[in-house]
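Per the working numbering: the sequence shown ends with 335, consecutive numbering throughout. Glycine residues also receive a C-beta, built at the ideal position from the N, C-alpha and C atoms. Predicted model only: the values in this text are computed from it and were never measured.
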Amino acid sequence: MNTIKQENQIIKKYKSPFIFYFLSIAIPWALWFLSGWFSYKTPYTRTLEWATGISSFAGLLTPLVIALCFMLPIKELRKDFLSRFFNFKSIKREYILIAFFLMLLSILAAQTISLFFGYSTSQFELRGAFTFTSALFPVWFLLIAAPMLEELAWHSYGTDALVSRFNLFNASMIFAVYWAFWHFPLSFINGYYHSNLVESGTLYSLNFVVSMIPFVLIMNWLYYKTNRNILLPVVFHITAGFFNEIFATHPMSKVIQTGLLLIVSLYLVITDKEMFFKRI
């Protein structure tokens, strides 16, 4: 009980959600729209490729820099931030397994269900190539770096800042909407994942937005169930991108996956109502 009280007290000190989230969207949007402008210029020279890559990566890095600016000057927040990388002793093993394997199981289950609707078994084959480009950086690097940098921002400062003002369910819903908008300018960068997603059709673009809801609910549930461990959300996010990229998955299977994850998230909300709806 004392541990819970201590956790609640420290969360209340993450008290600047509005300025954090404003800066974390305004600066990346400016940088990413600039990247989009660079990416469509012709001829697309090596200099423009560097400009696209650097401005894109700078936008990705921005929320973490802002989070550090809020935390590092305050001794108590700095200590709390650093301690949450290594607090594995009290974490149950099942949460670690969920972080590593839930997204793999969900995409395999979705592909299996899709077979009953006439989709091909070739989805289970390894793709052998990436579905998008990433300007200056290798795609494999961004599949690791992007989730890592995002979660080091969202789950070092951002999530707790929202939970200091709202219950966990409302905080998750607010962030899911915010996160969907946060990604919006990436759809204007030529060859990037979100740009290709828009070209694939309205249904699949909408699925990406809707998928934010269960993804955020599950990840935040995992985060608070593991005493606010930062590394497990990082792992969970990396596996989401990695396992959805390595298989030759039909886009409709990703729609099915979203449905499955919605069921999982609904189950978690119902069975853990106190955690989701009680204010700290």
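Asked, Found
"According to the neighbour-count rule (16 or more other Cβ atoms, all chains shown, within 10 Å of its Cβ), is Pro128 buried or exposed?", "exposed"
"Considering Cα atoms alone, identify which of Ile82, Ala216 and Gln64 is closest to Phe73.", "Ala216"
"Check each candidate in Leu157, Ser260 and Arg334 and name the one with the smallest Cα separation from Ile273.", "Leu157"
"So, do the stretch 214 to 233 and the stretch 152 to 170 have three or more beta carbon pairs nearer to each other than 8 Å?", "no"
"How close, in whole Å, do the beta carbons of Leu317 and Ala208 come, if the pair is a contact with beta carbons under 8 Å?", "With a Cβ gap of about 25 Å, Leu317 and Ala208 do not count as contacting."
"Do Val289 and Glu206 have their C-beta atoms within less than 8 Å of each other?", "yes"
"Measuring CA to CA, which of Lys280, Ile293 and Lys134 is closest to Val324?", "Lys280"
"By how many angstroms is the C-alpha of Gly91 removed from the C-alpha of Phe136?", "34 Å"
"Please report the distance separating the alpha-carbon of Asn299 from that of Leu159.", "8 Å"
"Please name the residue in Tyr174, Gly114 and Phe263 whose C-alpha comes closest to that of Ile82.", "Gly114"
"Do you know how far the Cα of Gln64 is from the Cα of Met56?", "Residue confidence for Met56 is low, a pLDDT of 42 falling below 50, so the modelled location carries little weight; the figure read from the coordinates is stated next. Answer to the nearest angstrom: the Cα atoms are 12 Å apart."
"Identify every residue that forms a DSSP beta bridge with Phe171.", "For Phe171, which the question treats as bridged, DSSP gives no partner whatsoever."
"Which class does Phe302 belong to by DSSP, given the choice of helix, strand or coil?", "strand"
"Since His249 is in the alpha helix (DSSP H), which residue starts that stretch and which ends it?", "Tyr248 to Ser255"
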